[in-house]
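A.B. asks: Numbering (the numbering used here), first residue to last: 16 to 266. Note that the Cβ used here is the ideal one computed from N, Cα and C, for glycine as well.
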Amino acid sequence: MIYFVGAGSGAPDLITVRGAKLLEHADVVVYAGSLVNPALLESCKPECKLYNSAKMTLEEVMDVMIPAEREGKCVVRLHTGDPCVYGAHREQMDVLDEHGITYEVVPGVSSFCGAAAALKAEYTLPEVSQTVILTRMEGRTPVPEKEKIELLAAHGATMVIFLSAGQMEKLSERLQAGGYTADTPVGIVYKATWPEEKVVRTTVGQMAQAAREHEITKTALITVGSFLGDVYERSKLYDPTFTTEFREASK
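Structure below.
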């Protein structure tokens, strides 16, 4: 069996119990060396074979995993965060499907969750935002025309922007072009949940300068929106005047 395992956002104890047990049992681990905390590999068996996928192509990854699985070995493909968010695991699963190989996906704690924890923030505040947009600026990987930053910014929803820390000036301009004001709150979280985590609170207009001052150029999430402000409505779920399936409203 091949297991695609989400390593979590950084801290080694944020991997799921299932993921940790699979790492302990694995005969072969192919891990995203540029992003996965190496401390996670300390739980692997001494005889476990480790491969750093940062130095490998898709074909080379498959050349490791497929023969190992056919030899009856337990193979873990260790991805950062949760594989479903910018994990590039669909293309791997498609190859495995072509070869008739069974696999399983084990979810993990995405860095966007780790960033919210670092900010001590809730992305979905009543009367502020009930929508979270996960996106990125285009780089070597293009973005569909309908998903340009300006068009997404027009919604005024909470935005979590991946893989864009090196384009802060351009990102600031495009967020404002889409409708965010210069004073819209921004939280920049560098290496969320890692020991070297850094949290910078700024605004859309000042985000590029703030990133420069804190020497943040990569491995950071940019969160944007009024969810970082102080104004919101109380949740109806716990409002004493609101009746639910489990509780009658007080008079």
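Who pairs with His-94 in a beta bridge, going by DSSP?
C.D. replies: Partner(s): Gly-21.
A.B. asks: Suppose you measure from the CA of Glu-263 to the CA of Lys-251; what does that come to, to the nearest Å?
C.D. replies: Approximately 13 Å between the Cα atoms of the pair.
A.B. asks: If you reduce the DSSP assignment to three classes, tell me which class Val-79 lands in.
C.D. replies: Looking at Val-79 - three-state DSSP - the assignment turns out to be helix.
A.B. asks: Given a cut-off of 7 Å, decide if Ser-187 and Ala-130 are closer than it, judged by their beta-carbon atoms.
C.D. replies: Result no, Cβ atoms of Ala-130 and Ser-187 do not sit closer than 7 Å.
A.B. asks: What do you get for Ser-265, buried or exposed, if any count of 16 or more other CB atoms within 10 angstroms of its CB means buried?
C.D. replies: Ser-265 should be labelled exposed.
A.B. asks: Use the C-beta contact count for Gly-244: other C-beta atoms within 10 angstroms, 16 or more gives buried, fewer gives exposed.
C.D. replies: Classification for Gly-244: exposed.
A.B. asks: Excluding the five sequence neighbours on either side, which residues of its own chain have a C-beta within less than 7 Å of the C-beta of Glu-248, listed in chain order?
C.D. replies: Cβ within range, chain order: Pro-141 and Glu-142.
A.B. asks: Classify Arg-151 as helix, strand or coil using the three-state DSSP reduction.
C.D. replies: Reduced to three states, the DSSP call for Arg-151 is strand.
A.B. asks: State the CB to CB distance for the pair Val-90 and Met-77, rounded to an integer number of angstroms; the pair is presumed to be in contact (CB under 8 Å).
C.D. replies: No, Val-90 and Met-77 are not in contact; Cβ-Cβ is about 11 Å, not under 8 Å.
A.B. asks: Please state the DSSP three-state secondary structure of Tyr-101.
C.D. replies: Three-state DSSP puts Tyr-101 in coil, outside helix and strand.
A.B. asks: So Gly-102 and Ile-30 are in contact, right, with Cβ under 8 Å, and what is the actual spacing, rounded?
C.D. replies: At roughly 15 Å, the Cβ-Cβ gap does not stay under 8 Å, so Gly-102 and Ile-30 are not in contact.
A.B. asks: Return the chain-ordered ranges of every alpha helix (DSSP H) run that is complete within the stretch 116-151 and spans a minimum of 4 residues.
C.D. replies: Whole alpha helix (DSSP H) segments, 4+ residues: 126-134.
A.B. asks: With DSSP as the reference, identify every bridge partner of Arg-216, one or two as the case may be.
C.D. replies: Per DSSP, Gly-202.
A.B. asks: If you drop the 5 nearest sequence neighbours on each side, which residues of the same chain put their C-beta closer than 7 Å to that of Val-120?
C.D. replies: Same-chain partners within the cutoff: Phe-19 and Pro-98.
A.B. asks: Could you check the C-alpha separation between Asp-42 and Val-100 for me, to the nearest Å?
C.D. replies: Using only the alpha carbons, I get a separation of about 26 Å.
A.B. asks: Alpha carbons only, please: which of Lys-163, His-40, Gly-96 and Glu-86 is nearest the one belonging to Ala-26?
C.D. replies: Closest option to Ala-26, Cα to Cα, is Gly-96.
A.B. asks: With distances taken between CB atoms, is the gap from Val-214 to Val-201 smaller than 7 Å?
C.D. replies: Result no, Cβ atoms of Val-214 and Val-201 do not sit closer than 7 Å.
A.B. asks: Assuming Ile-237 and Ser-179 are in contact, meaning their beta carbons sit under 8 Å apart, how far apart are those beta carbons, in whole angstroms?
C.D. replies: Confirmed, Cβ separation roughly 6 Å.
A.B. asks: Tyr-253 by DSSP, collapsed to three states: which one?
C.D. replies: Helix, per DSSP.
A.B. asks: DSSP has Phe-242 in a bridge; who is on the other side?
C.D. replies: Bridge partners of Phe-242: none, in fact.
A.B. asks: Who does Leu-65 pair with in a DSSP beta bridge?
C.D. replies: Partner(s): Val-44.
A.B. asks: How should His-114 be labelled, buried or exposed, when 16 other C-beta atoms within 10 angstroms of its C-beta is the threshold for buried?
C.D. replies: Exposed, because fewer than 16 other Cβ atoms sit within 10 Å of the Cβ of His-114.
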